[in-house]
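S.K.: Residue numbers for the sequence shown follow our numbering, so the first one is 513 and each next one is one higher.
The structure under discussion is supplied below as structure tokens; questions concerning it will follow.
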Amino acid sequence: MHYTLFRLNIIFRILLVIGLGYAMVYVLTQTHFWLVSFWLALAAIVITVEMLRYIEKSHRELEDLVIAIRQGDFTNTYQQKAGRSGELLAYAYHQLVFTYQRLRREKESNHQYLQNVIEHVSIALLGFDQDGHTTLINPAAHSLLQLPIIRQLSDIQVVDEALYQHMQSLEAGQKVMVKVVRDGRLMQLALQASEFYLQGQYYKLISLQDLRRELEEQELASWQKLIRVLTHEIMNSVIPIANLSGMVHQTLRQTQQNKRLELTALGEEDSHDLLQSLQVMEDRSRGLVNFVKAYRSVTQVAQPNFREVRVEDLVKRVHALFAPTLRERGITWQQQLTPTNLTFTVDLELVEQVLINLIKNSLEALSEINDPVLSLRAYRTEQNEVLVEVEDNGVGMEEEVMEQIFIPFYTTKTEGSGVGLSLSQQIMRLHQGGIAVRSEVGDGTTFTLQF
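Here is the structure:
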């Protein structure tokens, strides 16, 4: 409607000017009314000027709108122009101004909401640009770092030089732990970074969280669990040794006649008991030595030798090792690699040992299962992580057991050492990864390795 009205106004004025021009020529050539032709010409000029002003007025209004857009000033809603000739532009002005003001209100509302969230969270947030200028910092960051003003990333050097270096070199998605001493207080800071571009400008956002208390509580709980296991294992060996050595000592003291004591001085039954006691003491002593060796294997893991490895090659090695057992016990082996040429950077021997430990556990869980199935899957996630999953349809585990399976020497097996899963966890930590378990009683178990 507005386009049609504007077009009709222009066409009407053009036709009117043409008509006046034709009438002026006719009067001038066919009659002697020179004065009439003069007035006709004057009217044509006036209408032409008015038409130009009509068009220029629309252009001026459009120019005013462009300037308002450029300056972001929409205080003028153009209500006064609604009834004038520029109804088309007036309508466009109203729609554009209304939309712009609505979007600006939404933007300001979202900005205020995000600002409140940033100020509310207890995790310290620090953002800066490519030149190191601080663009965002929340109250939690001021409180954690105890710096009232942080204009540059380099201001962090006052807190700790190592912290500054880590924040500067931290890559997107990377997580590190940094020990910082501030005013005599030790902090265990967990740092994580993300990088992004806004309007072509580079920004880095770093979160800092003091996990000292949580780590201390977790460490204390781990030590308590470990001490309970160590106490149980050591007492199982020491008590029999102490009891048997006491019995041997008492037997020898009762039968000792001279400085030299011969085994023949003992009766047959006493001799048998003595030899049996010494044998048990030897066995328990060897068990205690083996326990210490196992403990040493957990605490002294070799440093990894990283290289790029095809997951398919690793799986083939592990499968070849267990293939006879799988065939003998009728266990269905399933594997899925996505993509088939998937690679990751690991220590081949160490990761192979982890998979061996997991598959051994699965084989034991499948010992009493009909139609046992053992699956191995590997794939790359959207976060560029490689996940390797070992799944079985075995008996599963209770929640209480799952909470303790990674504790050194904890085992539910009669002949198990309790070292395998703890060692696997340490190997995954050396790879800056992790190991997780998901299980339900009667519904199988899945171990996930995260690289």
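Every residue gets a Cβ at the ideal spot worked out from N, C-alpha and C, and that includes glycine.
It should be emphasised that the depicted structure is a prediction, and the values quoted were computed from it without experimental measurement.
1. Report buried or exposed for F610, applying the criterion of at least 16 other Cβ atoms within 10 angstroms of its Cβ.
2. Along the beta strand (DSSP E) that carries G946, what are the first and last residues, could you check?
3. In whole angstroms, what separates the C-alpha of L896 from that of E568?
4. Does the Cβ of K474 have 16 or more other Cβ atoms within 10 Å, making it buried, or fewer, making it exposed?
5. Taking all protein chains shown into account, do 16 or more other C-beta atoms lie within 10 angstroms of the C-beta of A594, making it buried, or fewer, making it exposed?
6. Using the rule of at least 16 other Cβ atoms within 10 Å of the residue's Cβ for burial, across every protein chain shown, is N628 buried or exposed?
7. Less than 8 Å between the C-beta atoms of G639 and L648, yes or no?
8. Should M689 go down as buried or exposed, given a rule of 16 or more other Cβ atoms within 10 Å for buried?
9. Look at the alpha carbon of I661 and the alpha carbon of G946, and state the distance between them as a whole number of angstroms.
10. If distances are taken between C-alpha atoms only, which option among G712, V539, I843 comes closest to D883?
11. DSSP three-state label for D955, please.
12. Going by DSSP, what residue range makes up the beta strand (DSSP E) through E820?
13. From this set, Q583, E824, M563, T543, which residue's C-alpha is nearest Y891's C-alpha?
14. Taking C-beta to C-beta, are V529 and V539 nearer than 8 Å?
15. Have a look at S666 and Q677 and give me their C-alpha separation to the nearest angstrom.
16. Roughly how many angstroms lie between the CA atoms of P851 and R889, to the nearest whole one?
17. Between the C-alpha atoms of R950 and T957, what's the straight-line distance to the nearest angstrom?
18. Less than 8 Å between the CB atoms is what I'm expecting for K687 and Q700, so what's the real figure, rounded?
19. What's the gap between the Cα of Q854 and the Cα of V821?
20. Since T962 and L899 should fall inside the 8 Å C-beta cutoff, what is the C-beta to C-beta distance between them, to a whole number of angstroms?
21. Note the first and the last residue of the continuous beta strand (DSSP E) segment covering E901.
22. By a C-beta neighbour count over all protein chains shown, 10 Å radius and 16 as the cutoff for buried, is K828 buried or exposed?
23. Among P816, T857, E840, Q664, whose alpha-carbon lies nearest the alpha-carbon of Q938?
24. Quick check on DSSP: helix, strand or coil for M914?
25. To which residues does DSSP link M699 through a beta bridge?
26. Give the straight-line distance between the Cα atoms of T541 and L554, rounded to the nearest whole angstrom.
27. With 16 as the cutoff for other CB atoms within 10 Å, does V693 come out buried or exposed?
28. Quick check on the burial criterion: 16 or more other C-beta atoms within 10 angstroms. Buried or exposed for F573?
M.R.: This is what the structure gives:
1. Looking up residue 610 in the sequence shown gives position 98. Exposed, because fewer than 16 other Cβ atoms sit within 10 Å of the Cβ of F610.
2. In the sequence shown, counting from the first residue as 1, residue 946 sits at position 434. Looking at the DSSP string, the run of the beta strand (DSSP E) that includes G946 is 946-951.
3. Taking the first residue of the sequence shown as position 1, residue 896 is located at position 384. Taking the first residue of the sequence shown as position 1, residue 568 is located at position 56. The amino acid occupying residue 896 in the given sequence is Asn; Leu does not appear at that position. If you take the alpha carbons of N896 and E568, they lie about 59 Å apart.
4. Only positions 513 to 963 of the chain appear in this structure, which leaves residue 474 out of reach.
5. Taking the sequence shown and counting its residues from 1, the one referred to as residue 594 is at position 82. A caution first: A594 carries a pLDDT of 43, below 50, which makes its placement in the model too unreliable to give a value.
6. Counting from one through the sequence shown, the residue named residue 628 turns up at place 116. Answer is exposed; the Cβ neighbour count stays below 16.
7. Here residue 639 corresponds to residue number 127 of the sequence shown, with the count starting at 1. Here residue 648 corresponds to residue number 136 of the sequence shown, with the count starting at 1. Yes; because the gap between Cβ atoms is below 8 Å, this pair is in contact.
8. Here residue 689 refers to the residue found at position 177 when the sequence shown is read from its first residue. Counting Cβ neighbours within 10 Å, M689 comes out exposed, since fewer than 16 surround it.
9. Sequence index remark: in the sequence shown, residue 661 carries index 149 (1-based). Sequence index remark: in the sequence shown, residue 946 carries index 434 (1-based). Each residue's Cα considered, the two are about 37 Å apart.
10. Taking the first residue of the sequence shown as position 1, residue 883 is located at position 371. With distances taken between Cα atoms, D883 lies closest to I843.
11. Start at 1 with the first residue of the sequence shown, and residue 955 comes out as number 443. DSSP places D955 in coil when its eight states are reduced to three.
12. Here residue 820 refers to the residue found at position 308 of the sequence shown. It spans 819-822 - the beta strand (DSSP E) in which E820 sits, taken as one unbroken run.
13. Your numbering for residue 891 matches position 379 in the sequence shown. Taking only the C-alpha atoms, the option nearest Y891 is E824.
14. Along the sequence shown, read from residue 1 onward, the residue named residue 529 stands at position 17. Along the sequence shown, read from residue 1 onward, the residue named residue 539 stands at position 27. Their beta carbons are not under 8 Å apart, which means V529 does not touch V539 by this criterion.
15. Along the sequence shown, read from residue 1 onward, the residue named residue 666 stands at position 154. Along the sequence shown, read from residue 1 onward, the residue named residue 677 stands at position 165. Spanning the two alpha carbons is a distance of roughly 9 Å.
16. The count along the sequence shown starts at 1 and reaches residue 851 at position 339. The count along the sequence shown starts at 1 and reaches residue 889 at position 377. About 11 Å.
17. As a position in the sequence shown, residue 950 is number 438, starting the count at 1. As a position in the sequence shown, residue 957 is number 445, starting the count at 1. When rounded, the distance between both Cα atoms is 6 Å.
18. As a first step, residue 687 must be located in the sequence shown, where it is residue number 175. As a first step, residue 700 must be located in the sequence shown, where it is residue number 188. About 13 Å separates the two Cβ atoms, so there is no contact after all.
19. Start at 1 with the first residue of the sequence shown, and residue 854 comes out as number 342. Start at 1 with the first residue of the sequence shown, and residue 821 comes out as number 309. Note that residue 854 is Leu in the sequence shown here, rather than Gln. If you take the alpha carbons of L854 and V821, they lie about 9 Å apart.
20. Against the sequence shown, residue 962 aligns to sequence position 450. Against the sequence shown, residue 899 aligns to sequence position 387. The residue asked about is misnamed: residue 962 is Gln in this sequence, not Thr. Contact holds; Cβ gap of about 6 Å.
21. As a working mapping, residue 901 is identified with position 389 in the sequence shown. It spans 898-904 - the beta strand (DSSP E) in which E901 sits, taken as one unbroken run.
22. Residue numbering aside, residue 828 sits at position 316 when the sequence shown is read from its first letter. Exposed, because fewer than 16 other Cβ atoms sit within 10 Å of the Cβ of K828.
23. Taking the first residue of the sequence shown as 1, we reach residue 938 at position 426. Ranking P816, T857, E840, Q664 by Cα distance to Q938 puts P816 first.
24. In the sequence shown, residue 914 corresponds to position 402, counting from 1. Helix.
25. As a working note, residue 699 is residue 187 in the sequence shown. V692, per the DSSP bridge assignment.
26. As a position in the sequence shown, residue 541 is number 29, starting the count at 1. As a position in the sequence shown, residue 554 is number 42, starting the count at 1. Distance between the alpha carbons of T541 and L554 is about 17 Å.
27. For this step, residue 693 is matched to residue 181 along the sequence shown. Looking at its Cβ environment, which holds fewer than 16 other Cβ atoms inside 10 Å, V693 is exposed.
28. What you label residue 573 is simply residue 61 of the sequence shown in a count that begins at 1. A small correction: the amino acid at residue 573 is Glu; Phe does not occupy that position in the sequence shown. With 16 or more Cβ atoms within 10 Å of its Cβ, E573 is classed as buried.
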